[in-house]
Ligand code: UT7
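See below:
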């Protein structure tokens, strides 16, 4: 259990998904694939992508504005901005600084975190500490990912999986007993080369994995990641539930990272959870990395699916390798 002086929770949510849609049928024209294969093996029907000349941070700006509006918090009241991203437009300035400037959060400290698809949980965990300890009052945590820019559109193993989107939340002090109850973060760098996106350096071995010559594209050992994902999601879930002495049946909602419906279904089957506790977005957005949890959460909230007092669980896995979970008593 987290021993903190203040209870910290989500007081506003927002998201942004670009308009342009790329269907499975569109992909059939790019690579040797089929709508049937993609839907059966991944659960994805379409994904949204930004135009090539539009920077990824534009999605984060929009999601942030919507979260601030939902929270009723002014940009000047934000003390901290953390952006989770593995697709930053610039190495410097950080996406968090760019967004800070755009929304006028003049009093905020801002930085990025890269824990791949687990990054939103990592970022929430860091922001939570600052508020719980009384250092800051409000934090903006954003997952912002434009994976269409780092996909090799000639590689059918990966290009069918990913999309672009951003989700944001505002964190603040909430009533005692509500908000973030517990969290767990895991990493295993020894297995890290199972998902790679080279940046300033690429080894000969990594070059060979990219025969089309797009050296900054995402490569992964899909089968191995699949196995790791199902296991990581269930161990991370049980970690926080055991800490809190909470039975799985007491969870009202689960927000898993959505990379493949078969991964989610494998994990929930293992845990004995029914799929009516999940707000699925993967069919229409694909894998949007660390934006998947906040986008799903924002949509579920706006559709009126979440109610005050709900026990919810966030759980994710991804490159690094990383994994993590967080239990929240919903306070909105
Ligand atoms: O967010 C975290 C990172 N990513 C993930 O979590 C993804 C984890 N992995 C997966 O979701 C799955 O492993 C994939 C969706 C990537 C692949 O599904 P799979 O059921 O593991 O397929 P596979 O890699 O075993 O491939 C089966 C066959 C292969 O053909 P052969 O060798 O059996 O003749 C592939 O070449 O399917 C072929 N294949 C395709 N066929 C049509 C691979 N991609 C495609 C495609 N369309 N797009």
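Numbering (the working numbering), first residue to last: 683 to 1014. Backbone N, C-alpha and C define an ideal beta-carbon position, used for all residues, glycine too.
Set against 7 angstroms, the gap from the CB of residue 907 to the closest heavy atom of the ligand UT7 is smaller. In the three-state DSSP reduction, residue 820 falls in the coil class, being neither helix nor strand.
Residues of the same chain with a CB within less than 6 angstroms of the CB of residue 704, apart from the 5 flanking positions on each side, are 729, 731 in chain order. Residue 1007 sits in a strand when the DSSP states are folded into three classes. For residue 933, the three-state secondary structure derived from DSSP is coil.
No Cβ-Cβ contact shorter than 8 angstroms links residue 901 with residue 712. Under the DSSP assignment, residue 921 falls in the alpha helix (DSSP H) whose first and last residues are 904-926. Judged by their CB atoms, residue 843 and residue 933 are not nearer to each other than the 8 angstroms cut-off.
Sequence-distant partners of residue 888 (beyond 5 residues in either direction) whose C-beta falls short of 7 angstroms from its own C-beta, in its chain, are 878, 880.
Under the criterion of beta carbons closer than 8 angstroms, residue 953 and residue 970 do not qualify as touching, at roughly 23 angstroms. DSSP places residue 777 outside any beta strand (DSSP E); the residue lies instead in the alpha helix (DSSP H), whose first and last residues are 777-785.
DSSP places residue 839 in the helix class (H, G or I) of the three-state scheme. Taking a contact as a CB-CB distance under 8 angstroms, the pair residue 855 and residue 688 counts as one, their CB atoms being some 5 angstroms apart.
Distances between the C-beta of residue 971 and the heavy atoms of the ligand UT7 include at least one below 7 angstroms. Take residue 743, set aside five residues on each side of it, and the residues of its chain with a beta-carbon closer than 7 angstroms to its own are 781, 784, 785, in chain order.
If you check the C-beta of residue 1012 against the ligand UT7, you find no heavy atom less than 7 angstroms away. Annotated as proximal: residue 766 and residue 795, with beta-carbon spacing under 8 angstroms.
Rounded to whole angstroms, the separation of the alpha carbons of residue 860 and residue 946 is 26 angstroms. Remark: C-beta atoms of residue 778 and residue 1004 do not approach each other more closely than 8 angstroms. The nearest non-hydrogen atom of the ligand UT7 is 7 angstroms or more from the C-beta of residue 993.
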